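Data block below; observations after.
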Amino acid sequence: MDIFLDTHKNFKNKKTYMKKNSIKNEIEELFPYLEKPSRYLGNEINSVQKDENVKLNFLLAYPEIYEIGMSHFGIQILYNILNEQDDVYAQRVFTPPEDLEKLLREKNLPLFSLETKKDMKSFDIIGFSLLYELNYTNILLMLDLAKIPFFSNKRDENYPIIIAGGPTCFNPEPIADFFDAIVIGDGEEVVQELSRTYIMYKNEGKQKVLKQFAKIRGVYVPALFETFSQKAKQTKIKKALIKKFDEKFINIKQIVPYGRPVHDKLRIEICRGCSSGCRFCQAGMIYRPVREKKVEDILYYIKKAISETGYNDLSLLSLSTGDYTNLSFLIDNIINNLEEDNVSVSLPSIRADKLNEDVMSYIKSARKTGFTIAPEAGSQRLRDVINKKLTEEDILKTAQNAFSFGWKVLKLYFMIGLPTETMEDIEEIVKLVKKLKSFKRKINLSITIFVPKSHTPFQYEAFIKKEEALKKILYLKQELKGTPLLKINYIDPNLSELEAIISKGDRNISNLIFKAYQNGAKFDAWSDKFDYTIWESAIKESNLDISYIYKKRSEKEAFPWAHIDSLVSEEFLLREREIGLKEELSDNCIYGKCSNCGICDFKEVKPILFKKEEKTYKKKTEQTVEYEKKVFKFTKEKNSRFFGHLELINIFLKHFRMAGVNLKYSEGFHPIPEIMFFDTLPLGMESLSEKFYCQIDKKNDFKNLIKKINNTLPEGLQIVSCKKIEKKRDIKMPECDIYSVISKDSFDTQKLENFKEAHSFFIKKRNKKGVTKDIDIKNNVLEIKLKTKNTLYMLTKNRLRPTTILKNVFGLSDDNIKRIRVIKINSLNSLDENYEDRP
Numbered sequence: 002m003d004i005f006l007d008t009h010k011n012f013k014n015k016k017t018y019m020k021k022n023s024i025k026n027e028i029e030e031l032f033p034y035l036e037k038p039s040r041y042l043g044n045e046i047n048s049v050q051k052d053e054n055v056k057l058n059f060l061l062a063y064p065e066i067y068e069i070g071m072s073h074f075g076i077q078i079l080y081n082i083l084n085e086q087d088d089v090y091a092q093r094v095f096t097p098p099e100d101l102e103k104l105l106r107e108k109n110l111p112l113f114s115l116e117t118k119k120d121m122k123s124f125d126i127i128g129f130s131l132l133y134e135l136n137y138t139n140i141l142l143m144l145d146l147a148k149i150p151f152f153s154n155k156r157d158e159n160y161p162i163i164i165a166g167g168p169t170c171f172n173p174e175p176i177a178d179f180f181d182a183i184v185i186g187d188g189e190e191v192v193q194e195l196s197r198t199y200i201m202y203k204n205e206g207k208q209k210v211l212k213q214f215a216k217i218r219g220v221y222v223p224a225l226f227e228t229f230s231q232k233a234k235q236t237k238i239k240k241a242l243i244k245k246f247d248e249k250f251i252n253i254k255q256i257v258p259y260g261r262p263v264h265d266k267l268r269i270e271i272c273r274g275c276s277s278g279c280r281f282c283q284a285g286m287i288y289r290p291v292r293e294k295k296v297e298d299i300l301y302y303i304k305k306a307i308s309e310t311g312y313n314d315l316s317l318l319s320l321s322t323g324d325y326t327n328l329s330f331l332i333d334n335i336i337n338n339l340e341e342d343n344v345s346v347s348l349p350s351i352r353a354d355k356l357n358e359d360v361m362s363y364i365k366s367a368r369k370t371g372f373t374i375a376p377e378a379g380s381q382r383l384r385d386v387i388n389k390k391l392t393e394e395d396i397l398k399t400a401q402n403a404f405s406f407g408w409k410v411l412k413l414y415f416m417i418g419l420p421t422e423t424m425e426d427i428e429e430i431v432k433l434v435k436k437l438k439s440f441k442r443k444i445n446l447s448i449t450i451f452v453p454k455s456h457t458p459f460q461y462e463a464f465i466k467k468e469e470a471l472k473k474i475l476y477l478k479q480e481l482k483g484t485p486l487l488k489i490n491y492i493d494p495n496l497s498e499l500e501a502i503i504s505k506g507d508r509n510i511s512n513l514i515f516k517a518y519q520n521g522a523k524f525d526a527w528s529d530k531f532d533y534t535i536w537e538s539a540i541k542e543s544n545l546d547i548s549y550i551y552k553k554r555s556e557k558e559a560f561p562w563a564h565i566d567s568l569v570s571e572e573f574l575l576r577e578r579e580i581g582l583k584e585e586l587s588d589n590c591i592y593g594k595c596s597n598c599g600i601c602d603f604k605e606v607k608p609i610l611f612k613k614e615e616k617t618y619k620k621k622t623e624q625t626v627e628y629e630k631k632v633f634k635f636t637k638e639k640n641s642r643f644f645g646h647l648e649l650i651n652i653f654l655k656h657f658r659m660a661g662v663n664l665k666y667s668e669g670f671h672p673i674p675e676i677m678f679f680d681t682l683p684l685g686m687e688s689l690s691e692k693f694y695c696q697i698d699k700k701n702d703f704k705n706l707i708k709k710i711n712n713t714l715p716e717g718l719q720i721v722s723c724k725k726i727e728k729k730r731d732i733k734m735p736e737c738d739i740y741s742v743i744s745k746d747s748f749d750t751q752k753l754e755n756f757k758e759a760h761s762f763f764i765k766k767r768n769k770k771g772v773t774k775d776i777d778i779k780n781n782v783l784e785i786k787l788k789t790k791n792t793l794y795m796l797t798k799n800r801l802r803p804t805t806i807l808k809n810v811f812g813l814s815d816d817n818i819k820r821i822r823v824i825k826i827n828s829l830n831s832l833d834e835n836y837e838d839r840p
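In the working numbering, the protein residues as written are 2 to 840.
Dropping the structure here:
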């Protein structure tokens, strides 16, 4: 009997299907062929492994590659909230890069979750986090690889419920045909309600579940909304809103990604919402009101999060960190209380007028690579139009302070195409940049194009014509050409036009996205992969008139997002637009008078601010630490062989910090832990005998320390010994290595005999400088012999990689080499050393 014959039964028994369709082994066989296999291991610090026999299997999806997706703080929050529920298991999936996509298609394998390598289609709910319109084709790529129909009306009970959330969902119509439900607003409480509702109604079928979803505040079910509108034409989807933050919304068990994610730091959200009122900024409108967290809570959970993650770089998150009432007091406490952990603090979002000398002095120990100021407009007139409360004096003074405190590079962000903009405003950008160049420091100038966004005072405005945008960009390039230490980056006007088409569009855009994906569009946010000709063809095929983006909207015209209630009133948006066009500023409602935006009732919904703390933290007395050199021996087996060298260093450092190990740091401008590995294993090679050394506080109890570290290390990584370094020879690089080699195919015995009998065996090898030399590998291979037809042992000098030797001796292809398992058994400091595993 077909498992899908009874669809209602299938919906209730999806877990049976999951158990019968394990693809884990097949997926893991792909790892040797991937550029960065560690992306897919799913066993990072604080990743969750659960019994899959739960009431709800929830897959969190992000339509970008791992390094970008794991930098999204929201997915970390949802992951923890869901996994804290005993009857829910949340896993993750990201858009695969080209190498994995190609292999999945070649092997006819589906896209899978990281934690258990389960087929996406096997999950009960898939939730996409959407932050940028140009990621939308990646949604279809992921569904395609999962063999899930794109359009919700084509998905029956056999398929997961697919939902979306994130800031772009405040105009949900361009993607409404793809999703069963869309979350508008804060997701923390909604995702818990969705989970409870699904578990309660799942046995009654998918349609019943969706009808119940539609009753949850902040949840939009596109297929049902038209019916509701007929019953009550004034029905609107009100955004979900967390009225008050407390400790349950501080995420301490953050997953620590492998590799180099875009944001590789411990992130603590100190405030949500922004009161600055920039008229172009969607986030500043949809995340109102301002809700701060208590200093005591933040400090307590930072300390706990450091011990849970091993991070020592800390980022304080907020839309406008400088507006946090007790920022100076908070940073003062962090720096002094966590000084022994070598914690550095960064503030990713802070306005130039808020970054004073006191705050700068607190974070002066951080790595000072790039300092950001976003004037957005060159002239004071246009900054007043957009309500950017920033003067030229603020900009110049902040830049001067930043350079005096050690920052090396100034990053400047400007927009073109803002409402009322003239060439005089563009000329003012040139003048301001030239004034900043007087500091004789590096400046990276980024030019973006204004795209009117929903639920903002400027949602009524037109998008600038591409030709005009390009003219202004070329003017800036020409006027600043040849300026020393200045680098100019600008966005492709075609890319911004596409963003405007999608973000200002209606449901017809779903078909456009579908057509573009069919024609080959994906990773459109990447400049090297974006192909506007694909979209031009899709626009023609869809018979879409895009002239709407170039027209101003009248105040009476209904927007495609008119049924979405951000809780900020239309009257406020119109009033702000009018004030802006008069070139007037509005108050920041935290420091000035209430702006009457409509979101606060001042009972349940209101700004949450705390009294300013004037006291300062008393610095601890510095204690002298005695260090001693230790050499650690460890194994690197199983899937841990797919960690690169830098990833390996990062893993050990973080696990040492989690265990409370006090490592010695280097001296100088930016201290780093002093750790040195004896060898750099190539990706994919295993070892039973790797070593590194470092200097550690003498007070550490090493027996308990090793046990504690081993309990949290990924499978395959284990510390087997720790010894004090007495003499230099204890850290001498080994002279030769012993390897065991296991192949799925039989080794060619004749080729092995030919090699053994040869007086010399020259190969060509290119060094790091690109120079090719002839090398006799007979001088490097001291002994080689077969144990079985599929297994051999080698004793080699460590000048050549064993894979290089095997490839040349047996004439193996790159594909053959990837199918071979190479294990370093041990290393010998001397050829005279007698060792039992020597072949």
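No residue lacks a Cβ here, since even glycine has one placed at the ideal position from N, Cα and C.
None of these values were measured; they are calculated from a predicted model.
On the DSSP bridge list, what partners appear for residue i?
i: F633; result: F693, C723
i: T805; result: BP columns for T805 are empty, so no partner.
i: C598; result: DSSP lists no partner for C598.
i: I743; result: T792, R822
i: A177; result: Paired residue(s): none; A177 is not in a bridge.
i: K786; result: Y794
i: A845; result: The structure shown does not extend to residue 845, since the chain is modelled only from 2 through 840, so no value can be given for it.
Closer than 6 Å by C-beta to residue i: which residues in its own chain qualify, once you throw out the five before and the five after it? Chain order, please.
i: K850; result: Because the chain spans 2 through 840 in this model, residue 850 falls outside it and cannot be assessed.
i: L31; result: L104
i: A375; result: Y414
i: A165; result: F129, L131, F180, I183
i: S744; result: N791, I821
i: I271; result: K294, I299, L317, S319, Y325
Quick check on the burial criterion: 16 or more other C-beta atoms within 10 angstroms. Buried or exposed for residue i?
i: M424; result: exposed
i: R106; result: exposed
i: D88; result: exposed
i: C695; result: buried
i: Q283; result: buried
i: H456; result: buried
i: G37; result: For the sequence presented, residue 37 should be read as Lys rather than Gly. Buried, since its Cβ has 16 or more Cβ neighbours within 10 Å.
i: S528; result: exposed
i: G581; result: buried
i: N780; result: exposed
i: D546; result: exposed
i: D566; result: buried
i: M795; result: buried
Please confirm if residue i has its CB atom under 8 Å from at least one CB of chain D.
i: E429; result: Absent here is chain D; the protein component of the structure consists of one chain.
Using C-beta distances below 8 Å, list every residue in its chain close to residue i, excluding the 5 sequence neighbours before and after it, in chain order.
i: K757; result: I785
i: T713; result: I46, H656, M659, A660
Which residues in the same chain have their Cβ closer than 7 Å to the Cβ of residue i, if we skip the five residues on either side of it in sequence?
i: P672; result: N343, Y666
i: D187; result: A241, L242, I243
i: V452; result: F464, S497, E500, A501, S504
i: N22; result: Caution is warranted here: a pLDDT of 49 is assigned to N22, below 50, making its placement in the model unreliable, and the coordinate value is therefore given only provisionally. For N22, where only same-chain residues beyond five positions count, the Cβ hits under 7 Å are D120, S123.
i: K607; result: P290, C601
i: P168; result: L132, Q283, A284, I287
Whole runs of the alpha helix (DSSP H) within the segment 195-247, excluding any shorter than 4 residues: 207-214, 223-232
Go through the segment 95-133 residue by residue and report every complete run of the alpha helix (DSSP H) that reaches 4 residues or more, in order. 99-108
Please give me, in chain order, every unbroken run of the alpha helix (DSSP H) with length at least 4 that falls completely inside the segment 554-585. 571-582
Could you check whether the segment 70-78 touches the segment 241-261, counting it as contact only if at least three pairs of C-beta atoms, one from each stretch, sit closer than 8 Å? yes
Using 8 Å as the threshold, is the segment 75-85 in touch with the segment 111-125, meaning 3 or more CB pairs across them? no
Touch test, the segment 373-393 against the segment 417-431, Cβ-Cβ under 8 Å, three pairs minimum: yes
Are the segment 320-333 and the segment 287-305 touching, with three or more C-beta to C-beta distances below 8 Å? yes
Could you give the uninterrupted runs of the beta strand (DSSP E) lying entirely in the segment 639-717, keeping only those of 3 residues or more? 676-678, 687-698
I'd like the ranges of any beta strand (DSSP E) spanning at least 3 consecutive residues and lying wholly in the segment 273-345. 314-318
Touch test, the segment 56-63 against the segment 93-101, Cβ-Cβ under 8 Å, three pairs minimum: yes
Where in the segment 372-430 do unbroken runs of the alpha helix (DSSP H), each at least 4 residues long, occur, reported from the N-terminal end onward? 381-386, 393-405
Could you name each continuous beta strand (DSSP E) segment of 3 residues or more that falls completely within the segment 473-550, going from the start of the chain to the end? 487-491
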